[in-house]
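Working notes, beginning with the structure itself.
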Amino acid sequence: MFLITSAAYIGQEFSSEFGRLPPAFLPVGNRRLYRYQREVLPANERIVLSLPEAFELPEYDRRILEQLNIEPLFLPEGLSLGESVICALNLLGHANGPIRILHGDTLIYDLPTEAEDIITLSPVDDNYAWAIYDSEQTPPLSQLQESDLVTRRAESVVNGYFSFSDARLLIQSITRARGNFIDGINRYAAAKPLKPLECQEWFDFGHLHTYYRSKTHVSTTRVFNQMAIENGVVQKRSHKRQKMRAEAHWFASLPTELKRFTPNYLGALDDDEQPGYAIEYLYLTSLNEMWVFGNLPAFVWRRIGTACLDFFMQCRQHVAPEDTEIAPAKLFGDKTTERLALFAKENRIDLNHPWHLNGKPLPNLNQIAANALDAIPAASSGTIVHGDLCFSNILYDFRSQQIKVIDPRGLDNKDNLTVYGNPDYDLAKFAHSVVGRYDFIIAGYYQLTQDGYSLEFNLPTTETHDQVEALFLTRSAQGLGRNEQQLLAMQVHLFLSMLPLHNDDERRQMALLANALRLYQRLQALSLAETK
């Protein structure tokens with residue numbers, strides 16, 4: 001049996017950025033850490049994940065844990081690590097045979113899962129109070145003290161994985177050590193010596209800066225992008241040459257007063273096959289990770305929203321040339337028509353066939369697109385825009401309370417390089433994360449069933465998500481001049497137009513379609529209420 005120890009909450013330095021979470025629930029890429037941990041553990045072993053007793057396990061995580069054959073085990077809070085291990089083994093009735101323990105903040109790709117009576121070590125460069133193991137010393141396992149950090153630097157430290165052949169002896173050893181995990185392991189090792197094995201592919205998510213550094217080894221970029229992160233620099237390349245040139249041009253052409261909203265641009269990378277550019281790597285979290293996987297209170301999101309509004313307002317200070325294309329029919333209507341035709345051809349869907357969502361009838365997709373387009377307002381003028389301002393392209397710096405934007409579009413509808421466009425498009429992309437819950441769908445957090453042209457669809461939500469959405473709608477109407485109906489209409493087009501871009505996953509495609517229908521239902525309800 002494998003026990004992933006995650007029955008205590010992350011520390012204060014983490015919780016200020018993610019909310020109160022167990023360590024195995026930290027966001028990494030576009031998933032939680034426990035999903036990566038499951039991938040390195042044997043498929044045929046029993047795996048238990050200990051969690052704090054008061055932790056409210058989201059329903060979508062409960063389903064994922066079930067799919068991964070991970071058993072959640074809720075333990076009383078306030079226990080030491082050793083007490084937590086004893087409590088877990090007693091509740092599970094696991095007193096015979098081997099037990100393997102992986103700390104909840106730890107990921108090891110070269111995990112020696114078959115070996116017994118071992119303790120794994122890894123080399124470190126950081127100066128933390130790690131535990132060290134030396135089989136020549138008595139006792140062999142010890143915790144580095146603050147004085148040790150000044151006078152010595154451990155070359156290899158205990159990395160958070162332990163394998164014991166005798167669970168009963170481990171329980172007895174920790175019990176005799178009064179619940180002290182390290183002393184308990186030393187008692188165990190006195191009876192059954194532990195062999196130290198070194199692992200090279202250890203990633204520590206237990207400290208804030210090691211968390212961000214470990215995250216750099218997990219990439220969520222699409223197949224047409226290649227990213228290399230080294231020495232604080234991101235090099236991004238792609239076979240899509242015009243896309244890369246556009247992004248580089250956007251960063252290079254941004255006015256000085258807007259550069260505080262971006263990482264430092266370090267220049268273009270000339271390569272005929274795979275051009276690209278380099279920017280500063282920022283050890284920050286994207287909004288989509290905080291939105292989907294975090295547990296931040298609404299007042300923190302209010303502060304984040306203020307930083308985003310600042311970016312919107314600053315961009316609008318830079319008016320575009322008069323010939324900039326900003327007509328909704330071009331930005332939304334034509335693109336949606338073209339993309340829907342492609343989606344229908346690839347999936348053999350009749351665009352003139354009506355739909356049902358959650359038992360309620362809806363028009364056909366052509367009619368939905370036409371009706372939504374009628375509700376999209378015309379912009380008074382073009383401004384500087386990001387062009388793809390969804391949550392995954394926005395980083396938040398809690399120290400400066402500012403956002404940093406990445407991965408701009410930098411192209412107009414004719415694929416010309418530009419920093420200008422319709423400011424409503426940026427607002428719509430932002431809304432499709434807040435209101436449209438796009439990032440939940442990309443993370444796979446939805447329920448969907450399909451029967452022909454009838455869909456049953458549900459997205460998870462919390463009181464905090466609903467509060468943040470309401471705050472955004474109010475600020476959009478008061479500060480940016482766009483009401484809920486207008487935002488919904490633009491989002492309907494965004495979700496319809498993205499359908500063929502997700503043809504690598506048919507289920508996700510249908511979830512995005514269902515979400516477009518959900519937003520259209522809201523638009524219909526508001527329009528109907530307005531006429532009464």
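Residue numbers (full-length UniProt numbering): 1 to 532.
Backbone N, C-alpha and C fix where the C-beta goes; we use that ideal spot for every residue, glycine too.
It should be emphasised that the depicted structure is a prediction, and the values quoted were computed from it without experimental measurement.
- Query: Of all the options N503, Q521, D166, which has the alpha carbon lying nearest to the alpha carbon of P193?
  - Reply: Nearest to P193 by C-alpha distance, out of N503, Q521, D166, is D166.
- Task: State the CB to CB distance for the pair I376 and A489, rounded to an integer number of angstroms; the pair is presumed to be in contact (CB under 8 Å).
- Result: Going by Cβ atoms, the distance from I376 to A489 rounds to 5 Å, so yes, they are a contact pair.
- Task: Return yes when the Cβ of L141 is within less than 8 Å of the Cβ of A88, no when it is not.
- Result: No, Cβ-Cβ distance for A88 and L141 is not below 8 Å.
- Message: Whether or not the segment 264 to 276 and the segment 245 to 253 are in contact is what I'm after, with contact meaning three or more pairs of Cβ atoms, one per stretch, closer than 8 Å; do they touch?
- Response: With a cut-off of 8 Å, the segment 264 to 276 and the segment 245 to 253 count as touching, because enough Cβ pairs lie within range.
- Drop a sphere of 10 angstroms on the beta-carbon of R178, count the other beta-carbons inside from all chains shown, and report buried for 16 or more, exposed for fewer. Classification for R178: exposed.
- Just the Cα atoms here: how many angstroms apart are L33 and L49? One C-alpha to the other measures close to 12 Å.
- Kindly indicate which three-state DSSP category I86 falls into: helix, strand or coil? Helix.
- Query: Between the C-alpha atoms of residue 551 and A529, what's the straight-line distance to the nearest angstrom?
  - Reply: This structure does not reach residue 551, given that the chain is present from 1 up to 532, and the question cannot be answered.
- Message: Assuming the contact rule is C-beta atoms closer than 8 Å, P112 and S156 should be a hit. Round their C-beta distance to whole Å, please.
- Response: Not really, about 15 Å apart at Cβ, beyond 8 Å.
- Express the C-alpha separation of L389 and L342 in angstroms, rounding to a whole number. So the two alpha carbons sit approximately 24 Å from each other.
- Message: Considering only their Cβ atoms, is the gap separating H356 from Y453 smaller than 8 Å?
- Response: It is a contact, given that the beta carbons lie within the stated cut-off.
- Message: What does DSSP give as the partner residue(s) for Q447 in the beta ladder?
- Response: Looking at the DSSP output, Q447 bridges to N458.
- Task: State yes or no: is the C-beta of T383 within less than 8 Å of the C-beta of Y420?
- Result: Yes, the pair counts as a contact, with Cβ atoms nearer than the cut-off.
- Simplified DSSP state of E198, which is helix, strand or coil: In this structure, E198 counts as strand in the three-state DSSP scheme.
- Query: Alpha carbon to alpha carbon, what distance is there between Q274 and R281?
  - Reply: Rather than Arg, the amino acid found at residue 281 in this sequence is Tyr. CA-CA distance, Y281 to Q274, rounds to 20 Å.
- Task: For N458, collect the residues of the same chain with a Cβ closer than 6 Å to its Cβ; drop the 5 residues on either side in sequence, then sort them by chain order.
- Result: Excluding residues up to 5 positions away in sequence, Q447 lie with their Cβ nearer than 6 Å to the Cβ of N458 in the same chain.
- CA nearest to the CA of K404, picked from C199, L427, L287: Of the listed residues, the one whose Cα sits closest to K404 is L287.
- Message: Given this structure, state the Cα-to-Cα distance separating V150 from Y133, to the nearest angstrom.
- Response: Any reading at V150 needs caution, since the residue's pLDDT is 42, under 50, leaving its predicted position unreliable; the model's value is listed next. Taking the straight line joining both Cα atoms gives about 19 Å.
- Query: Quick one: any contact between the segment 346 to 365 and the segment 507 to 522, if contact means 3 or more CB pairs under 8 Å?
  - Reply: In short, these stretches touch, since the Cβ pair count reaches three.
- Which of helix, strand or coil DSSP assigns to L512: L512 carries a helical assignment under DSSP once its states are collapsed to helix, strand and coil.
- What three-state label does DSSP hand N69 in the structure shown? N69: coil per DSSP, three-state reduction.
- T5, buried or exposed, once every other Cβ within 10 Å from all chains shown has been counted against 16: Here T5 is buried, its C-beta having at least 16 other C-beta atoms within 10 Å.
- Message: Can you give me the C-alpha to C-alpha distance between R187 and I174, rounded to a whole angstrom?
- Response: Using only the alpha carbons, I get a separation of about 8 Å.
- Query: Is it buried or exposed for N422, if we count other Cβ within 10 angstroms and need 16 for buried?
  - Reply: Buried, by the Cβ-count rule.
- Give a yes or no on whether the minimum CB-CB distance between I118 and chain C is below 8 Å. Any reference to chain C falls outside this structure, which holds one protein chain only.
- Per-residue DSSP class, three states only, for N30: N30 falls in the coil class under three-state DSSP.
- Distance, I326 Cα to V223 Cα: Low per-residue confidence applies at V223: pLDDT is 42, beneath 50, and the placement is therefore not dependable enough to give any value.
- Item | Beta-carbon proximity list for N96, same chain, < 8 Å, skipping 5 on both sides | So the list reads A167, R168, once near-sequence residues are dropped.
- Beta-carbon separation of S238 and M244 under 8 Å? Less than 8 Å divides the Cβ of S238 from the Cβ of M244.
- For G359, is the classification buried or exposed, using 16 other Cβ atoms within 10 angstroms of its Cβ as the cut-off for buried? Counting the other Cβ atoms within 10 Å of the Cβ of G359 gives fewer than 16, which makes it exposed.
- Query: Taking the DSSP output, what are the residues bridged to T175?
  - Reply: Within the DSSP bridge table, the entry for T175 names no partner.
- Query: Which of the three DSSP states, helix, strand or coil, is assigned to L21?
  - Reply: DSSP places L21 in coil when its eight states are reduced to three.
- Task: Put H493 into one of helix, strand or coil per three-state DSSP.
- Result: In the structure shown, H493 falls within a helical segment according to DSSP collapsed to helix, strand and coil.
- Kindly indicate which residue of N371, A7, P500 has the alpha-carbon position closest to the one of E338. The option with the nearest alpha carbon to E338 is P500.
- Ordered list of beta strand (DSSP E) runs contained in the segment 266 to 303, each at least 3 residues: Those beta strand (DSSP E) runs which fall completely within the segment 266 to 303 and span 3+ residues are 276 to 280.
- Distance between W301 and H386 (C-alpha atoms, nearest Å): Cα-Cα distance, rounded: 21 Å.
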